[in-house]
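This report refers to the structure that appears directly beneath it.
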Amino acid sequence: MGTRLAHLEAAERALAEGDWPAARDAYNAALETVETPEALAGLGEALWWLGEIPAAIERTERAYAAFRRRGEPRAAARAALWLALRHDANLGNSAAAAGWLARARTLVDHHDFEDLRGWVLLYEAETAGPGPGQAAAHRARELAREHGDLALELCATSELGAQLISGGRIGEGKVHLDEAMAGSLAGEGDAPFTVVYASCNTLHSCTACADFERVVQWARAADRFVRRFGCPFLFSRCRTIYGAALVAVGDWVQAEEELVAAVRLTREALPPVHAEALAGLAGLRLEQGREEEAARLVNGLGEHPLAAAVLARIRLQRGDPAGAEALLRPWLTGPAKATLEELAAHELLGEVEIAQGRADRAGERGRVLAEAGERSSCELTFARGARLMARAQAGDDEAVRSGLEHAMAAFARLRIPLEAARTRMELARCLVHDAPESAAAELRHALEAFEGLGAARDADAAAALLRDLGVKVARSAPRGRASLSAREREVLALVAEGLSNPEIAERLYISRRTVEHHVARVLEKLGVRTRGEAIASVARGQPTDAAEP
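Going by the UniProt record's numbering, 23 is the number at position 23 of the sequence shown; the sequence numbering is gapless.
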């Protein structure tokens, strides 16, 4: 008995401290003696934080049944709520989630657990739609305040923000999201789960309204949490969406880390959830110019919208616009939503129509997007539409240039460097005949951006256009400080100051693992083997080619 209690106490301490492996081991040790629902529930929590989702759910289901047999309906209701959220958010199984939420609601109603009713309302809000969802989230927050449940208050505040944004009240919704993030990261709710919930709501809602910079800022503000507890994006789709946001803002090193993790975390989820993660990674590979690898990742997934968009771009790049259209059109029957993927797919369909000689249809598609963006104050929608309209126009160079300049300015304000550079390259094409020097200047800027990001295909295209203008372009390999991204230059400067990886992570509000990736990329691009050699290259004020054969 004493040994089992000692294991349980050790497990609970480890769980409170965020030492998930230690908590798992201690709970397993306790369960070897006798199986209790408390140990099963604690083990489920630790396994969930470790990303072992099916095992976490299985242990928690056993805990629920054991609590019921032991006549503890309150603990059983909490387990049912836990299972409802994880079945939906981690496995994408809405039917199982609805079943567990109904079971929790029955227990709460039957036993008058008013302190748990707010949690039921919170999870009901997620699927209720903007109107009823706002009302449910608001009531959940009221109940949280009545019962002094700070964790529920923060989660409900976050959900209310998400519901407001979904209903078009974007500014008001962001205020609630920011409030919930600030309180959660400060530890106000005394439960790390509140950070997970608030982070994923912020991620979904801010990407839906194209505020990618806000996503990245909050993710970096969570660095201290990450060092202690791990990544807060533990719900399957959140990791994929975060990776896509990082691709958009140009942090491709961390984007790759997050998207690879998303693919791993969704292996046990329902097929559409895993397909979305694979499509996200394939999209990055395509931007990097790794077309064959991108195609392998989404091969056979053409029925999933995001995978279909990747495959369609590959078809278009290979000179098969009809095949690209066949993949895209079934998913784009209604008006475009302001998400990264759907707006890109609508613009891609416009490119397909231009390739098929239907520029008028592409222009109309662009006009609809641009006007929708202006009405909704969504700069991403406007930028995609304005660029597509400009591409579709013929014989009116002034209108084309104006459209591209407006689109480029919008992408720049949104801090989406790849799309800003692509628009700059389109602008250069318009200037080639009348203002070749201006065209060359635009292309140099675009080429620098492409090389800094690692967008090989776009960099090749920009270099080819420069050569057509008679400009010499030396691109034997992406080496030297000129090829470093803005973030990599920051890291190199801090390395030169003698800072360690943990110190750089703290200075830049990013994770240590991300710093390791950046340092490795800096060494590779500089062609050096050690930090000392990198520091020497900074001192010389020029790139070094020490690793060249």
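Beta carbons: idealized from backbone N, C-alpha and C, even for Gly.
| Check | Outcome |
| --- | --- |
| Rounded C-alpha distance that separates Q317 from A463 | 18 Å |
| Beta-carbon separation (whole angstroms), A262 vs G280, contact threshold 8 Å | 6 Å |
| Proximity to A244 [Cα-Cα], best of V273, L107, F212 | F212 |
| DSSP state of R315 mapped onto helix, strand, coil | helix |
| For P271, the first and last residue of its enclosing alpha helix (DSSP H) | 271 to 287 |
| Contained alpha helix (DSSP H) runs [length at least 4] in the stretch 352 to 434, N- to C-terminal order | 359 to 376, 379 to 392, 397 to 414, 417 to 431 |
| Option in G168, C155, S166 with minimal Cα separation from L185 | C155 |
| Close beta carbons around T194, own chain, < 7 Å, minus the five adjacent residues each side | A151, L154, C155, S184 |
| Cβ neighbour criterion (16 or more within 10 Å) applied to L5 | exposed |
| P502 - DSSP class collapsed to helix/strand/coil | helix |
| K472 (DSSP reduced to helix, strand or coil) | coil |
| Sub-7 Å separation of V120 and R103 beta-carbons | no |
| Beta-carbon separation (whole angstroms), R387 vs E426, contact threshold 8 Å | 7 Å |
| Cβ-Cβ distance between A269 and L31 below 7 Å | no |
| Contact the stretch 210 to 224 vs the stretch 509 to 516: 3+ CB pairs below 8 Å | yes |
| At least 3 beta-carbon pairs within less than 8 Å: the stretch 490 to 506 vs the stretch 454 to 468 | no |
| Bounding residues of the alpha helix (DSSP H) (the contiguous stretch that carries W119) | 114 to 125 |
| Nearest-angstrom Cα separation, counted from E45 out to A266 | The amino acid at residue 266 is misidentified as Ala; the sequence shows Thr. One C-alpha to the other measures close to 18 Å. |
| DSSP three-state assignment for L234, whether helix, strand or coil | coil |
| Length of the line joining the Cα atoms of P472 and R444 | One detail in the question is off: residue 472 reads as Lys in this sequence, not Pro. Spanning the two alpha carbons is a distance of roughly 11 Å. |
| Whole-angstrom distance between A421 and T60, CA atom to CA atom | 49 Å |
| Own chain partners of R145 with C-beta closer than 7 Å, once the 5 adjacent residues on each side are dropped | E153 |
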